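Below: one structure, written as structure tokens.
Number of protein chains: 2
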Amino acid sequence: MAKQTLLLCCSLILNLLLINLFMHGELERSNWTKTAAVEAEAVASISCSGHGRAFLDGLLGVDGKPVCECNSCFKGPDCSDPIPNCEVDADSGDPMFLEPFWLKHAASSSLVLPGWHRMSYEFEGGSLISEELKNHIRRLHSVVGNANTDGRFIIFGAGATQLLNAAVHALSSDHDGDAPSSSPSRVVASIPYYPVYREQTEFFKSEAYRFHGDTMSMKNEMDYLSSNYIELVTSPNNPDGQLKKAVLGGASVKTIHDLAYYWPHFTAIPAPADEDLMIFTVSKLTGHAGSRFGWAIVKDEAIYQRMLTYMSLSTYGVPRETQLRVLKLLKAVLEGEGKEMFEFGYKTMANRWRKLRKIFSASRRFSLQDLDHQYCSFSKKIRGPSPAFAWMKCEREEDKECFQVVKSAANVSGRHGSLFGSESRYVRLSLVKSQDDFNLLLERMEALVQQEPHNKKIQQENERNASMTFGVGHHFLQHPDLVSYINSYKSMDEDM
Amino acid sequence: MAKQTLLLCCSLILNLLLINLFMHGELERSNWTKTAAVEAEAVASISCSGHGRAFLDGLLGVDGKPVCECNSCFKGPDCSDPIPNCEVDADSGDPMFLEPFWLKHAASSSLVLPGWHRMSYEFEGGSLISEELKNHIRRLHSVVGNANTDGRFIIFGAGATQLLNAAVHALSSDHDGDAPSSSPSRVVASIPYYPVYREQTEFFKSEAYRFHGDTMSMKNEMDYLSSNYIELVTSPNNPDGQLKKAVLGGASVKTIHDLAYYWPHFTAIPAPADEDLMIFTVSKLTGHAGSRFGWAIVKDEAIYQRMLTYMSLSTYGVPRETQLRVLKLLKAVLEGEGKEMFEFGYKTMANRWRKLRKIFSASRRFSLQDLDHQYCSFSKKIRGPSPAFAWMKCEREEDKECFQVVKSAANVSGRHGSLFGSESRYVRLSLVKSQDDFNLLLERMEALVQQEPHNKKIQQENERNASMTFGVGHHFLQHPDLVSYINSYKSMDEDM
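These protein sequence lines are chains A and B, in that order.
Each residue of the first sequence is one higher than the one before, counting from 1 in the numbering used here.
Each residue of the second sequence is one higher than the one before, counting from 497 in the numbering used here.
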């Protein structure tokens, strides 16, 4: 009896405790972040079959929920239907290969953005730049060892895009005073060069600078020491992935180093870059191309000040929500000194390159650029190439328009070689897009190479041999070993 | 006995239920949004005495938490110490007056930004613009009735800043083709005009356009019909708050309407604007100046396409996190058809204007612009003025440098009249900043006006009368009625 009373008392006390805990929990969850969390979780849970994604700001379906946005060549309400014979887009350098990394690291990379976050035009002291983010950028470069930031100024911009023009503007000969310059600075780059250099410089029609074409042709001009030059150096180079150095020299030449791809995903890091003006972008570091965030590391204070003025009059700085987000992403990258993200990035890119090379090694019609193994001071070993792009050449005399060849024979849309200042027998293929895009590219290129006469002959011989071995020729593909051999090219990346 | 057993059973069942509920609650909270929510709530709970704020990306204190960032003229770890004789900054149009609205609406305006949100360069179909956000912008204009968007194109940019230059570039005479134009378009604006028009147009040194000064002086020039003109029209005008119309006309004149302030906070809305090219910005709508987000409404498709190219080569569009955030903010504004935010904004601004006018009404040395009452189609009544800026004039012959007068006599830093193309006897005072900033401005201006001889005389007479009435002259300020009378100018805004 007394025992039962004691038990009852204990049970009642436990009830009270649990009710208290539960109420407390409820209260904790009825805060101002709750609605946003529920909303984000609901959208994240919409299934798009792995071939698409629903977003918080997506168009709404009939049920009032955002609809799946499918990867190219997939359709249907949950993106599960492949679109037959669809054009494969290998044009854009859209770095979606890193999306799986961020899906895996959802908790450390997501953030709550309060409605009142940094409404002001300026940070304390009138700056347009988050000091905390600047500190994290310095730390990242020091951890990766790809750039020296000691005693340098750092400025933010809307991706490399805005920073490139800000740098050209700041380095051009006529920047202060109202008098038109008698001779605009000549902007040059080595062929093959990133098309935006030319497009941007020509589009803004500034009196202060002119696009002047290939660096190499300037080198031979007698007057290159008497004019003002701005040399754009891209390392690793877009499109061909080669590490590059400046070509021109002398007091009248200023250089801009576009180091967008100088990260372990895409290249070995032989040593920290230590140039006068270096440009980086988060697009090619974390894959957040849509965030439009980049930074420049600048040695000279006067140039830095001119770039600040440019930012001020062009956009008044980078959105504060973008700066907050990039800070959160860099914090996630720096957990474990960046090893995990760069390992994922390198393995993915190296794998893609290996597979593409294997296909092209059977081709006499098409070739890819040569890239060497190299010692990487970040991974502390000699490593193979893992470029962002394939710089493909049509070798046959008659295939002068390589873009058209690939487009009509494989329905793959690359980027025309002439845009890079090169011959039309080159075309750039993007390797940084989603796994779906890359798989389709691989499939189409394999089929294209298989059509070459010498490969057809080998295939016919194989078929004859197989038919002799197994007796029933048209069933040979069902032999498990052969199927796996043939499919090995098409398999998903090993390390993903 | 049986009753006690029943009670025990019930209690045990309740225990089990509660344990189950509690476990379930725990699980629910252990999702990927948890860390971010906890982090944001912790920062939001840091107290800065109402004179500052801690932010998620703020610099960290010794305890590893972000430190308070104090409003100007306050200091200390929790911003509770006023800085004596501190310079009052009335220069910037930083729209912090809306921050209290967003603090109050934390739950509906905050959002969770997943680490993988819209990493791609582009939305589906290659656009750089969220369709859902565009739809909400159209809805907002239709609800407020301040702009006609039917059949118009909408383009996003980094605030009005970027859109202004994009528009000037798109409207300039030489936009396609490489040949330098024989005559660059002439960019004009009516004095007093927003200083950025001149600064930006001159800074970019384009061959396609030139800043050409005051619209009015052009009107009298004989050749204005034979040259290409781009007229910038600001309505309500920055700095003086007047509603404006284009001055020039004819086929050779193109207009850009900067309608940044055409919202019920700052002006009555007589009718929807229906111009060829209209520019708006979220800075002056929701107060999120740091988000660098604006939009243009464009009638002509060719102009729209040229502006798209500009955005593409300048920044490659507005960050996706910014677009997501602005969407969330507009959704919060549109709850209840925008009534709550615009009522808060109008009351705050009208109140500030009334208080400032009251002080200036006692001045013979300084004057403010005149603004009329007007019918507002949004609020459906005749309403008083509520401008974003005071356009102040120094009336004394010797006060030629009004900026300096206010600076040295009141330690208030306004914006120099000459920057607006006006005489130096004008100065612009910002009324849109935080309540702290406005209170200090009011206090200083009151003291300045009280120093005028006729006010000193009145004060001396009051003192004499008070001393006669109460006997002990130097104690008059302690009479409660007089204290409240004298302090009435200094009181906090009534409606906040």
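Note that CB positions come from ideal geometry on N, CA and C, so glycine has one too.
Note that this is a predicted model, so its numbers are computed, not measured.
Residue span of the beta strand (DSSP E) that contains G294 (chain A), given as start and end: Here residue 294 (chain A) is taken as the residue at index 294 of the first sequence, counted from 1. Run containing G294 (chain A): G294 to V298, per the beta strand (DSSP E) assignment.
Proximal residues of chain B, C-beta to C-beta of E124 (chain A) below 7 Å: Sequence index remark: in the first sequence, residue 124 (chain A) carries index 124 (1-based). What E124 (chain A) touches in chain B: E565.
Cβ-based contacts, 8 Å cut-off: residues of the stretch 591-610 of chain B near chain A: P591, M592, L594, E595, W598, L599, H601, A602, A603, S604, S605, S606, L607, V608, L609 and P610
8 Å contact criterion, which C86 (chain A) and C79 (chain A) should meet: CB distance rounded: The residue labelled residue 86 (chain A) in the question sits at position 86 within the first sequence. The residue labelled residue 79 (chain A) in the question sits at position 79 within the first sequence. No, C86 (chain A) and C79 (chain A) are not in contact; Cβ-Cβ is about 13 Å, not under 8 Å.
Environment of I878 (chain B) [buried if 16+ CB atoms lie within 10 Å]: One-based indexing of the second sequence puts residue 878 (chain B) at position 382. By the C-beta density criterion, I878 (chain B) is exposed, having fewer than 16 other C-beta atoms within 10 angstroms.
Any chain B beta carbon closer than 9 Å to W263 (chain A): Translated into the one-based positions of the first sequence, residue 263 (chain A) becomes position 263. So, not an interface residue.
W791 (chain B) versus V168 (chain A) - alpha carbon distance: In the second sequence, counting from the first residue as 1, residue 791 (chain B) sits at position 295. In the first sequence, counting from the first residue as 1, residue 168 (chain A) sits at position 168. One C-alpha to the other measures close to 27 Å.
Cβ pair L441 (chain A), V188 (chain A) closer than 9 Å: By one-based count along the first sequence, residue 441 (chain A) stands at place 441. By one-based count along the first sequence, residue 188 (chain A) stands at place 188. No, these two residues do not count as a Cβ contact at 9 Å.
Simplified DSSP state of W612 (chain B), which is helix, strand or coil: In the second sequence, the residue the question calls residue 612 (chain B) occupies position 116. Reduced to three states, the DSSP call for W612 (chain B) is coil.
Residue-level contact to chain A via CB, F762 (chain B), 9 Å cutoff: Stepping through the second sequence from its first residue, residue 762 (chain B) is reached at position 266. So no, F762 (chain B) is outside the interface.
DSSP-derived helix/strand/coil call for E547 (chain A): Here chain A covers residues 1 to 496 and nothing more, so residue 547 (chain A) does not appear.
P768 (chain B) to N644 (chain B) span [Cα, whole Å]: Within the second sequence, numbered from 1, the residue matching residue 768 (chain B) stands at position 272. Within the second sequence, numbered from 1, the residue matching residue 644 (chain B) stands at position 148. Straight-line Cα distance between these residues: approximately 6 Å.
Where G497 (chain A) falls: helix, strand or coil (DSSP): Outside the displayed span of chain A (1 to 496) sits residue 497 (chain A), for which this structure offers no information.
Extent of the continuous alpha helix (DSSP H) to which A189 (chain A) belongs: As a working note, residue 189 (chain A) is residue 189 in the first sequence. No alpha helix (DSSP H) contains A189 (chain A), which is instead part of the beta strand (DSSP E) from S185 to A189.
Under the three-state DSSP convention, the category A388 (chain A) falls into: Reading the first sequence from its first residue, position 388 is the one you call residue 388 (chain A). In the structure shown, A388 (chain A) sits in coil (DSSP, three-state: anything other than H, G, I, E or B).
Chain A contact for S616 (chain B) (CB, 9 Å cutoff): Numbered from its first residue, the second sequence carries residue 616 (chain B) at position 120. It does: the Cβ of S616 (chain B) has a partner Cβ on chain A nearer than 9 Å.
Neighbourhood of R860 (chain B) by C-beta, 8 Å cutoff - its chain only, sequence neighbours within 5 removed: Taking the first residue of the second sequence as position 1, residue 860 (chain B) is located at position 364. Taken in chain order, the residues that qualify are E891, E948 and H950.
For H761 (chain B) and S731 (chain B), believed in contact at Cβ under 8 Å, the rounded distance: On the second sequence, residue 731 (chain B) is found 235 positions in, with the first residue counted as 1. On the second sequence, residue 761 (chain B) is found 265 positions in, with the first residue counted as 1. Rounded, the Cβ-Cβ distance is 14 Å, inconsistent with contact.
Three-state class that DSSP yields for S142 (chain A) in the structure shown: Looking up residue 142 (chain A) in the first sequence gives position 142. Looking at S142 (chain A) - three-state DSSP - the assignment turns out to be helix.
Boundaries (first-last residue) of the beta strand (DSSP E) holding D710 (chain B): Position 214 of the second sequence, counting from 1, holds the residue named residue 710 (chain B). Where D710 (chain B) is concerned, the enclosing beta strand (DSSP E) stretches over Y705 to D710.
Cβ-based contacts, 9 Å cut-off: residues of the stretch 316-339 of chain A near chain B: Y316, G317, V318, P319, R320, E321, T322, Q323, L324, R325, L327, K328, L329 and A332
Beta-carbon gap between T844 (chain B) and A40 (chain A) smaller than 9 Å: Position 348 of the second sequence, counted from the start, is the residue given in the question as residue 844 (chain B). Position 40 of the first sequence, counted from the start, is the residue given in the question as residue 40 (chain A). No, the pair does not count as a contact, with Cβ atoms beyond the cut-off.
For I279 (chain A), the first and last residue of its enclosing beta strand (DSSP E): Position 279 of the first sequence, counting from 1, holds the residue named residue 279 (chain A). Per DSSP, I279 (chain A) belongs to the beta strand (DSSP E) from L277 to T281.
Under 8 Å by beta carbon: chain B residues contacting G64 (chain A): Mapped onto the first sequence, residue 64 (chain A) falls at position 64. Those do not exist, as G64 (chain A) stays about 12 Å from chain B at its closest Cβ, beyond 8 Å.
Cutoff 9 Å: A886 (chain B) Cβ touching any chain A Cβ: Counted from its first residue, the second sequence places residue 886 (chain B) at position 390. So no, A886 (chain B) is outside the interface.
T315 (chain A) and Q819 (chain B) closer than 9 Å at C-beta: For the purposes of this step, residue 315 (chain A) is taken as the residue at position 315 of the first sequence. For the purposes of this step, residue 819 (chain B) is taken as the residue at position 323 of the second sequence. Result no, Cβ atoms of T315 (chain A) and Q819 (chain B) do not sit closer than 9 Å.
Contact belief for S291 (chain A) with P688 (chain B) at Cβ below 8 Å, rounded distance in angstroms: For the purposes of this step, residue 291 (chain A) is taken as residue 291 along the first sequence, with counting starting at 1. For the purposes of this step, residue 688 (chain B) is taken as residue 192 along the second sequence, with counting starting at 1. Going by Cβ atoms, the distance from S291 (chain A) to P688 (chain B) rounds to 38 Å, so no, they are not a contact pair.
Minimum C-alpha distance to N135 (chain A) - residue among A:K457, A:P385, A:R415 and A:I297: Taking the first residue of the first sequence as position 1, residue 135 (chain A) is located at position 135. Cα-wise, what sits closest to N135 (chain A) is A:I297.
When B:D932, B:T805 and B:C898 are compared against L624 (chain B), the one with the closest alpha-carbon: By one-based count along the second sequence, residue 624 (chain B) stands at place 128. When each option's Cα is compared against that of L624 (chain B), the closest is B:T805.
Contact under 9 Å by Cβ, L98 (chain A) with T286 (chain A): Here residue 98 (chain A) is taken as the residue at index 98 of the first sequence, counted from 1. Here residue 286 (chain A) is taken as the residue at index 286 of the first sequence, counted from 1. Contact flag set, yes.
Residue interval of the beta strand (DSSP E) (run including V898 (chain B)): As a working mapping, residue 898 (chain B) is identified with position 402 in the second sequence. A quick correction: the sequence has Cys, not Val, at residue 898 (chain B). Not the beta strand (DSSP E): C898 (chain B) falls in the alpha helix (DSSP H), residues C898 to A906.
Test: H169 (chain A) CB closer than 9 Å to a CB of chain B: Within the first sequence, residue 169 (chain A) is the residue found at index 169, counting from 1. Output row for H169 (chain A): interface = yes.
Min CB distance K952 (chain B) to chain A below 9 Å: The residue given as residue 952 (chain B) occupies position 456 in the second sequence. With 9 Å as the cut-off, K952 (chain B) does not count as an interface residue toward chain A.
Inter-residue Cα distance where the pair is S130 (chain A) and M888 (chain B): For the purposes of this step, residue 130 (chain A) is identified with residue 130 of the first sequence, where counting begins at 1. For the purposes of this step, residue 888 (chain B) is identified with residue 392 of the second sequence, where counting begins at 1. Answer to the nearest angstrom: the Cα atoms are 35 Å apart.
Which of helix, strand or coil DSSP assigns to T286 (chain A): Here residue 286 (chain A) refers to the residue found at position 286 when the first sequence is read from its first residue. DSSP places T286 (chain A) in coil when its eight states are reduced to three.
Close Cβ partners of N498 (chain A) (< 7 Å) along its chain, the five nearest in sequence each way excluded: In this structure chain A extends from 1 to 496, so residue 498 (chain A) is not present and cannot be described.
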